[in-house]
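Accompanying notes for the structure given below.
In my numbering, the protein residues as written are 1244 to 1419.
Dropping the structure here:
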């Protein structure tokens, strides 16, 4: 059974955006139960030169919406990195999820998986086939930032475990 570009991308983005939402909800509940303002978590970073939690969430959002849009050949929605509150970062994830869920399967699967996708950064341009873009760049980059958000929340004392990451998006693991 062949997997399409849609199948290997959109469900993964959706699932991990739902997981990120669940992690943020659990962090908010923990903060309130501990008498802490969840807002304090937004500045958390593991190392001085690392992006804080707010930026990790923004970068995860950018990776998901940018990945989905590039695969579909459409422009991603503009989401300037202006979030400064807990409510704003949660809303950013919700808006990203809504966009990714709206991307048309036919727009992604209707093209050649070997079509070229260029990713321009301030320092260079990366050139990928659509297949390599999703498998070698987009999904790993997206997962990196979701994992960093998880690690930062864990560092702040939020009681998260591996199953929160694996099943936070609502997927069910079943033993064989």
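Positions of the beta carbon are idealized from the N, C-alpha and C atoms, including for glycine.
Proximity winner among the options, relative to residue i (alpha-carbon distances)
i: residue 1380; options: 1247, 1339, 1252 and 1246; result: 1252
i: residue 1297; options: 1291, 1343, 1312 and 1327; result: 1327
i: residue 1344; options: 1399, 1402, 1280 and 1308; result: 1308
i: residue 1278; options: 1406, 1409, 1401 and 1407; result: 1401
i: residue 1388; options: 1274, 1288 and 1348; result: 1288
i: residue 1390; options: 1361, 1256 and 1263; result: 1263
i: residue 1280; options: 1292, 1291 and 1267; result: 1267
i: residue 1314; options: 1334, 1290, 1337 and 1355; result: 1355
i: residue 1254; options: 1403, 1346, 1362 and 1353; result: 1346
Alpha carbon of residue i to alpha carbon of residue j, nearest angstrom
i: residue 1377; j: residue 1392; result: 21 Å
i: residue 1294; j: residue 1304; result: 14 Å
i: residue 1340; j: residue 1261; result: 8 Å
i: residue 1374; j: residue 1323; result: 28 Å
i: residue 1331; j: residue 1272; result: 17 Å
i: residue 1369; j: residue 1275; result: 43 Å
i: residue 1249; j: residue 1407; result: 25 Å
i: residue 1329; j: residue 1259; result: 19 Å
i: residue 1283; j: residue 1269; result: 15 Å
i: residue 1245; j: residue 1411; result: 27 Å
i: residue 1357; j: residue 1371; result: 8 Å
i: residue 1361; j: residue 1386; result: 20 Å
i: residue 1319; j: residue 1350; result: 14 Å
i: residue 1291; j: residue 1394; result: 15 Å
i: residue 1398; j: residue 1306; result: 23 Å
i: residue 1321; j: residue 1405; result: 32 Å
Backbone secondary structure at residue i - three-state DSSP
i: residue 1300; result: helix
i: residue 1435; result: The shown model of the chain, from 1244 to 1419, leaves out residue 1435, and the question about it has no answer.
i: residue 1310; result: helix
i: residue 1287; result: coil
Beta-bridge pairing of residue i - partner residues as DSSP gives them
i: residue 1372; result: 1359
Unbroken alpha helix (DSSP H) run spanning residue i, endpoints
i: residue 1335; result: 1329-1345
i: residue 1259; result: 1248-1277
i: residue 1391; result: 1382-1398
i: residue 1407; result: 1405-1410
i: residue 1351; result: 1348-1352
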